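Notes to accompany the following structure.
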Amino acid sequence: IETAPPDSGVEERPKWDNKFQYLLTCIGFAVGLGNVWRFPYLCQIYGGGAFLIPYMIALVFEGIPLLYLELAIGQRLRMGSIGVWNSISPLLGGLGIASMLVSFLVGLFYNTILAWVLWYFFHSFQNPLPWSQCPLNDNLTGFNVECVKSTPSNYFWYRETLNITPDIETNGSLNWWMVVCLASAWSILYICFIKGISSIGKAMYVTATFPYLVLTIFLIRALTLPGAADGLLYLFTPDWEVLKNPQVWLDAATQIFFSLSVAFGGLIAFSSYNAEKNNCERDAVLVGVINSATSIYASIPIFSILGFKANTAYNSCMKENILALTNHFEFSDQNITVDNYDHWVEYLNRTSSGELTRVDLKPCDLQEFLDQSASGTGLAFIVFTEAVVEMPGSQIWAILFFIMLFSLGLSSMFGQIEGVLTPINDLKVVPKWIPHELVTGVVCLISFLTALIFTQGSGNYWVEVFNSYVGSVPLLIIAFFELTGVAYGRGMKTFSEDIYFMTGKRPNIFWKACWMVISPLMLLVVLVAYVVIQAQKHPSYPTWNPAYDLFPKTEDKPYPDWVFAIIILLCVLPVISIPLVAIYRLICSRIKKSGGHVDLNPNSNDQINSNHRF
Amino acid sequence: MLWKVLLLLGLSSAWAQKLCSPGASDGYKVRLSINSALGDQAYVWNENEMFLFRATLAFAMRTYSDGQEYDVANVVVCDETPRVSFWFVVTSPLDASLLVDKRRVEEAVRKSRSRINSAFLLTDDTLEFIGIPPTLEAPVAPDTPPWLIAFGVVMGGVGAGIVVLLVSSVVQKIRKKRDGEEETGGKTENEAASDAIYNMSFSDDEPVTQM
Numbered sequence: 099i100e101t102a103p104p105d106s107g108v109e110e111r112p113k114w115d116n117k118f119q120y121l122l123t124c125i126g127f128a129v130g131l132g133n134v135w136r137f138p139y140l141c142q143i144y145g146g147g148a149f150l151i152p153y154m155i156a157l158v159f160e161g162i163p164l165l166y167l168e169l170a171i172g173q174r175l176r177m178g179s180i181g182v183w184n185s186i187s188p189l190l191g192g193l194g195i196a197s198m199l200v201s202f203l204v205g206l207f208y209n210t211i212l213a214w215v216l217w218y219f220f221h222s223f224q225n226p227l228p229w230s231q232c233p234l235n236d237n238l239t240g241f242n243v244e245c246v247k248s249t250p251s252n253y254f255w256y257r258e259t260l261n262i263t264p265d266i267e268t269n270g271s272l273n274w275w276m277v278v279c280l281a282s283a284w285s286i287l288y289i290c291f292i293k294g295i296s297s298i299g300k301a302m303y304v305t306a307t308f309p310y311l312v313l314t315i316f317l318i319r320a321l322t323l324p325g326a327a328d329g330l331l332y333l334f335t336p337d338w339e340v341l342k343n344p345q346v347w348l349d350a351a352t353q354i355f356f357s358l359s360v361a362f363g364g365l366i367a368f369s370s371y372n373a374e375k376n377n378c379e380r381d382a383v384l385v386g387v388i389n390s391a392t393s394i395y396a397s398i399p400i401f402s403i404l405g406f407k408a409n410t411a412y413n414s415c416m417k418e419n420i421l422a423l424t425n426h427f428e429f430s431d432q433n434i435t436v437d438n439y440d441h442w443v444e445y446l447n448r449t450s451s452g453e454l455t456r457v458d459l460k461p462c463d464l465q466e467f468l469d470q471s472a473s474g475t476g477l478a479f480i481v482f483t484e485a486v487v488e489m490p491g492s493q494i495w496a497i498l499f500f501i502m503l504f505s506l507g508l509s510s511m512f513g514q515i516e517g518v519l520t521p522i523n524d525l526k527v528v529p530k531w532i533p534h535e536l537v538t539g540v541v542c543l544i545s546f547l548t549a550l551i552f553t554q555g556s557g558n559y560w561v562e563v564f565n566s567y568v569g570s571v572p573l574l575i576i577a578f579f580e581l582t583g584v585a586y587g588r589g590m591k592t593f594s595e596d597i598y599f600m601t602g603k604r605p606n607i608f609w610k611a612c613w614m615v616i617s618p619l620m621l622l623v624v625l626v627a628y629v630v631i632q633a634q635k636h637p638s639y640p641t642w643n644p645a646y647d648l649f650p651k652t653e654d655k656p657y658p659d660w661v662f663a664i665i666i667l668l669c670v671l672p673v674i675s676i677p678l679v680a681i682y683r684l685i686c687s688r689i690k691k692s693g694g695h696v697d698l699n700p701n702s703n704d705q706i707n708s709n710h711r712f
Numbered sequence: 005m006l007w008k009v010l011l012l013l014g015l016s017s018a019w020a021q022k023l024c025s026p027g028a029s030d031g032y033k034v035r036l037s038i039n040s041a042l043g044d045q046a047y048v049w050n051e052n053e054m055f056l057f058r059a060t061l062a063f064a065m066r067t068y069s070d071g072q073e074y075d076v077a078n079v080v081v082c083d084e085t086p087r088v089s090f091w092f093v094v095t096s097p098l099d100a101s102l103l104v105d106k107r108r109v110e111e112a113v114r115k116s117r118s119r120i121n122s123a124f125l126l127t128d129d130t131l132e133f134i135g136i137p138p139t140l141e142a143p144v145a146p147d148t149p150p151w152l153i154a155f156g157v158v159m160g161g162v163g164a165g166i167v168v169l170l171v172s173s174v175v176q177k178i179r180k181k182r183d184g185e186e187e188t189g190g191k192t193e194n195e196a197a198s199d200a201i202y203n204m205s206f207s208d209d210e211p212v213t214q215m
């Protein structure tokens, strides 16, 4: 890393050690937990192979143009999100603040998820794995009731990890073990951030590549498990009917958008540390394609393992039925097996159907087990952990899996925190004598203290609130304004010149069409549809309530009013800065106009031109 | 005389059979799943195995019940099925027509469960006494939860790393400041050679580029 000696007149911006580090960081930021636990789920529920079509269309017309745009303006204007938008137009300065706020809020709950991953990782060093069996109840006469009614992995997740309360209003107490894990997660993040992008770049060599290694190991292991073929068939069997459902297109567009991690400001920050003349068009296409390829690649081992799990569940179900039959009719042990089960049932039906009805046989349907899909934390911490317990050598697989999740999340967290730190540095609000390490430490400390709300009993509900509302609508709004701001605010002509300066060729008609028309239109449609769908149903959330009649099914409760108010606040707070700053600047310029001559032309903006070399 | 003895023997075995019947109030049903437990290594259930069972149960009664000398003959078995399952009752060694109380049999079986299991190479799941649930093992609670050990190792490393990096950057800054003070009058080789920065505020006294 090259930095200026202390007496130089021009303060040089830190740079990436090499191009590969930069690309790896962008890929690591884009490839996150969602690639592993959201995309396979969407693929499954939306007709397998058929989902790839809206997904690819969204990638080409919405994802990659946005990515290209962010990388280009960051690299050209050489600043974090706040500085960049101030440069493009003072009226758009609020965009940078919005990005920074969203990055901060998303970073809070995202790192909490990493704390959960750490907790599971620490617990994977035991034999037997703690989520494989139920603990005994207090007087050692039987198993814990809550665990028996649900499953051991459910119990471990909801009770021993989260210690979850029945609803979001009951706060519960701070779970000390979660606080400790959260402190660990923030400390690990801090140590990677200490030296700024020089330490991040090096950390990325590990955190961005390790998941691919683990996915490959899992792929090889998973393909040899019984039942893997069922899972894969289920995943990839295309159901073309599903393309007629508009919800599918909406979900494809939102998935691409959130998966690429645009609008956080992190990508702008990363590309601002690049050399000026760098082919960002190729970078954008590369990052976009690799992100989608990773999603598809990750779904193969995930679904093989889910197929294996469905197969195991089906076999257990059959074995229970076989045992019931054998015990009732006093046949010799193992006379009835899974293979000849159907023959036997048919035979018994013919000969002694009266007796047969008295036996309590459960319906065992493989399709039903395969249908039990899950996404998000449910996939990682409940479904997958159950599957891992059935695999021989479970500790190794659990350890590998959780390290992989941690790497995926950590590399995305780098982008979030960079989206907060770079604007702070660029705004120069911090006096120069305060070292960079201290600023980073303070930001991590403040984030850690704020995130303590997620460590209390109701923490998981709050994470869901943040995930659904902060990490969705504000980002769509910011991205829409980014596109229109650059295409119309800066002007396509100036932007084409920028790109010509950086890459040596002007953007072709495809890019221009996307930036000016197609992508903003798609984003607008997605935004409106998203808001309309959310507004139609009164928001409710699933709760884990042991006192519920239908426990272990989750009980759906509506959000209380005060939580609803907080939700609205979370949606509005980040984006309110966009109109506020625009109005403020307009008023300022009007006032100054009456006194003197002022320009809203960005080129005369006095804040930021120090890094430009024309 | 002989036919009287034979009659008595016949009657007593018939009597014993009457004591044992499926659903007897003082009896228990036993179920073995040998093939499930042992697979290829399964042994065939025959009269000898049954004898072993009766002997094991007599041993249990001797050791954990009132100390009387129970014998194989005191354990009466009936209703054997191909499953393998059967009912058994225990008669008192003092009077063959008296059945030992259910609860005493249960207590004896519970206490010697692991011995009975291992005699047949089976487990609590595959050798079932219907009505006598197996006592659950108390969980082995290690002194330090294992997860704290893993946590300690990781966080120790991270903490040490943070301290090392912070100290090294502070030391570097102090060293730079000290070098900077020395330079303002004198020569410097490294800085000018390494930077690619066009920079005017630096006095360049390097012997190679003579200004």
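As you go down the protein sequences, you meet chains A and B in turn.
Residue numbering for the first sequence follows my numbering, starting at 99 and increasing by one per position.
Residue numbering for the second sequence follows my numbering, starting at 5 and increasing by one per position.
Don't be surprised by glycine CBs; every beta carbon is placed ideally from N, CA and C.
If you're wondering where the values come from, they're calculated on a predicted model, not measured in any experiment.
Task: Partners in chain A for V48/B, counting only beta-carbon separations shorter than 8 Å - done: On the second sequence, position 44 is the one that residue 48/B refers to. What V48/B touches in chain A: nothing, since even the nearest Cβ is about 11 Å away.
Open item on the list: Residues of chain B with CB closer than 8 Å to the CB of S285/A, please, in chain order.
Closed with: Taking the first sequence and counting its residues from 1, the one referred to as residue 285/A is at position 187. Chain B residues near S285/A: M159, V162, G163 and I166.
Open item on the list: Determine, for S430/A, whether the minimum Cβ-Cβ distance to residues of chain B falls below 9 Å.
Closed with: Position 332 of the first sequence, counted from the start, is the residue given in the question as residue 430/A. Yes, contact with chain B.
TODO: Check whether the Cβ of S282/A lies closer than 9 Å to any Cβ atom in chain B.
DONE: On the first sequence, position 184 is the one that residue 282/A refers to. For S282/A, the answer is yes, since a Cβ of chain B falls inside 9 Å of its Cβ.
- [ ] Identify each residue in the stretch 217 to 235 of chain A for which the Cβ-Cβ distance to at least one residue of chain B is less than 7 Å, and report them in chain order.
- [x] F220, H221, F223, Q224, P233 and L234
Open item on the list: So for R35/B, helix, strand or coil by DSSP?
Closed with: Taking the second sequence and counting its residues from 1, one reaches residue 35/B at position 31. Of the three classes helix, strand and coil, the one that applies to R35/B here is strand, per DSSP.
Open item on the list: Please list, in chain order, the chain A residues whose beta carbon lies closer than 8 Å to that of R35/B.
Closed with: Translated into the one-based positions of the second sequence, residue 35/B becomes position 31. Ordered by position in chain A, the residues that pass the 8 Å Cβ test against R35/B are N425.
TODO: Residues of the stretch 59 to 93 of chain B with a CB closer than 8 Å to any CB of chain A: list them in chain order, please.
DONE: Residues T85, P86, R87, V88 and S89.
Open item on the list: I want to see whether chain A comes within less than 9 Å of N121/B, judged by CB atoms only; does it?
Closed with: Counting from 1 along the second sequence, the entry for residue 121/B is found at position 117. Cβ-Cβ to chain A under 9 Å: no for N121/B.
- [ ] Starting from K293/A, find everything on chain B with Cβ-Cβ shorter than 9 Å and list it in chain order.
- [x] The residue you call residue 293/A lines up with position 195 of the first sequence. The answer, in chain order, is L169 and S173.
Task: I178/B versus R176/A: straight-line alpha-carbon distance, rounded - done: On the second sequence, position 174 is the one that residue 178/B refers to. On the first sequence, position 78 is the one that residue 176/A refers to. Taken atom to atom, the span from the alpha-carbon of I178/B to that of R176/A is near 30 Å.
TODO: Would you mind reading off the limits of the beta strand (DSSP E) that contains W91/B?
DONE: What you label residue 91/B is simply residue 87 of the second sequence in a count that begins at 1. Start and end: S89 to V94.
Open item on the list: Could you tell me the alpha carbon to alpha carbon distance between F118/A and A128/A, rounded to whole angstroms?
Closed with: Indexing the first sequence from 1 puts residue 118/A at position 20. Indexing the first sequence from 1 puts residue 128/A at position 30. Rounded to whole angstroms, F118/A to A128/A spans 15 Å at the Cα level.
Task: Inter-residue Cα distance where the pair is N133/A and C245/A - done: Residue numbering aside, residue 133/A sits at position 35 when the first sequence is read from its first letter. Residue numbering aside, residue 245/A sits at position 147 when the first sequence is read from its first letter. In this structure, the CA atom of N133/A is about 31 Å from the CA atom of C245/A.
Task: chain B within 9 Å of C415/A, Cβ atoms only - done: On the first sequence, residue 415/A is found 317 positions in, with the first residue counted as 1. Output row for C415/A: interface = no.
Task: Distance between P250/A and A164/B (C-alpha atoms, nearest Å) - done: The residue you call residue 164/B lines up with position 160 of the second sequence. The residue you call residue 250/A lines up with position 152 of the first sequence. Computed Cα separation, rounded: 36 Å.
Open item on the list: Would S37/B and L102/B qualify as a contact pair, given that the criterion is a beta-carbon distance under 9 Å?
Closed with: As a first step, residue 37/B must be located in the second sequence, where it is residue number 33. As a first step, residue 102/B must be located in the second sequence, where it is residue number 98. Cβ atoms of S37/B and L102/B: not closer than 9 Å.
Open item on the list: If you follow the alpha helix (DSSP H) that C415/A is in, where does it begin and where does it stop?
Closed with: Taking the first residue of the first sequence as 1, we reach residue 415/A at position 317. Residues C378 to F427.
Open item on the list: What are the residues in the stretch 192 to 220 of chain A lying within 7 Å of chain B by C-beta distance?
Closed with: F220
Task: Contact check, Y139/A vs A350/A, beta carbons under 9 Å - done: In the first sequence, counting from the first residue as 1, residue 139/A sits at position 41. In the first sequence, counting from the first residue as 1, residue 350/A sits at position 252. For Y139/A and A350/A, no; Cβs fall outside 9 Å.
TODO: In angstroms with no decimal places, state the Cα-to-Cα distance between W135/A and D469/A.
DONE: Counted from its first residue, the first sequence places residue 135/A at position 37. Counted from its first residue, the first sequence places residue 469/A at position 371. Roughly 16 Å separates the two Cα atoms.
TODO: Return the CA-CA distance between G146/A and N50/B, expressed in angstroms with no decimal places.
DONE: Position 48 of the first sequence, counted from the first residue, corresponds to residue 146/A. Position 46 of the second sequence, counted from the first residue, corresponds to residue 50/B. Rounded to the nearest angstrom, the two C-alpha atoms are 55 Å apart.
Task: chain A contact for I38/B (CB, 9 Å cutoff) - done: Stepping through the second sequence from its first residue, residue 38/B is reached at position 34. Taking CB atoms only, I38/B has a neighbour in chain A less than 9 Å away.
TODO: Could you tell me which uninterrupted alpha helix (DSSP H) segments, each at least 4 residues in length, are contained entirely in the stretch 261 to 293 of chain A, listed from first to last along the chain?
DONE: Within the stretch 261 to 293 of chain A, the complete alpha helix (DSSP H) runs of at least 4 residues are 274 to 291.
Open item on the list: Give me the residue from Q142/A, G126/A and M489/A with the minimum Cα distance to V340/A.
Closed with: One-based indexing of the first sequence puts residue 340/A at position 242. Taking only the C-alpha atoms, the option nearest V340/A is Q142/A.
Open item on the list: Give me the DSSP bridge partner(s) of S201/A.
Closed with: Locating residue 201/A in the first sequence gives position 103, where the first residue counts as 1. Bridge partners of S201/A: none, in fact.
Open item on the list: Can you tell me whether A170/A is buried or exposed? The criterion is at least 16 other CB atoms within 10 Å of its CB, across all chains shown.
Closed with: Residue numbering aside, residue 170/A sits at position 72 when the first sequence is read from its first letter. Its Cβ being crowded by 16 or more others within 10 Å, A170/A is buried.
Task: Per-residue DSSP class, three states only, for Q554/A - done: Sequence index remark: in the first sequence, residue 554/A carries index 456 (1-based). Here Q554/A carries a strand assignment [DSSP, helix/strand/coil].
Open item on the list: Measuring alpha carbon to alpha carbon, tell me which residue in A408/A, W531/A and I211/A is nearest D328/A.
Closed with: The sequence position of residue 328/A within the first sequence is 230, counting from 1. D328/A has its Cα closest to that of A408/A, out of A408/A, W531/A and I211/A.
TODO: Leaving out five residues on either side along the sequence, give the residues of the same chain with a beta carbon under 8 Å from the beta carbon of L189/A.
DONE: For the purposes of this step, residue 189/A is taken as residue 91 along the first sequence, with counting starting at 1. So the list reads G587, V679, A680, R683, L684 and L698, once near-sequence residues are dropped.
Open item on the list: Would V79/B and R66/B qualify as a contact pair, given that the criterion is a beta-carbon distance under 9 Å?
Closed with: As a working note, residue 79/B is residue 75 in the second sequence. As a working note, residue 66/B is residue 62 in the second sequence. With contacts defined by Cβ atoms closer than 9 Å, V79/B and R66/B do not form a contacting pair.
Open item on the list: Counting beta carbon pairs with one atom in the stretch 654 to 672 of chain A and one in the stretch 366 to 378 of chain A, are three or more of them shorter than 8 Å?
Closed with: no
Task: Assigned secondary structure, P137/B (DSSP; H/G/I helix, E/B strand, else coil) - done: Sequence index remark: in the second sequence, residue 137/B carries index 133 (1-based). Looking at P137/B - three-state DSSP - the assignment turns out to be coil, as it is neither helix nor strand.
TODO: Output, in chain order, the set of chain A residues within a Cβ distance shorter than 9 Å of L10/B.
DONE: Working through the second sequence from its first residue, we reach residue 10/B at position 6. The contacting residues do not exist; L10/B stays about 33 Å from chain A at best.
Open item on the list: Mapping the DSSP letters down to three states, classify D524/A as helix, strand or coil.
Closed with: The residue given as residue 524/A occupies position 426 in the first sequence. In the three-state reduction of the DSSP assignment, D524/A falls in the helix class.
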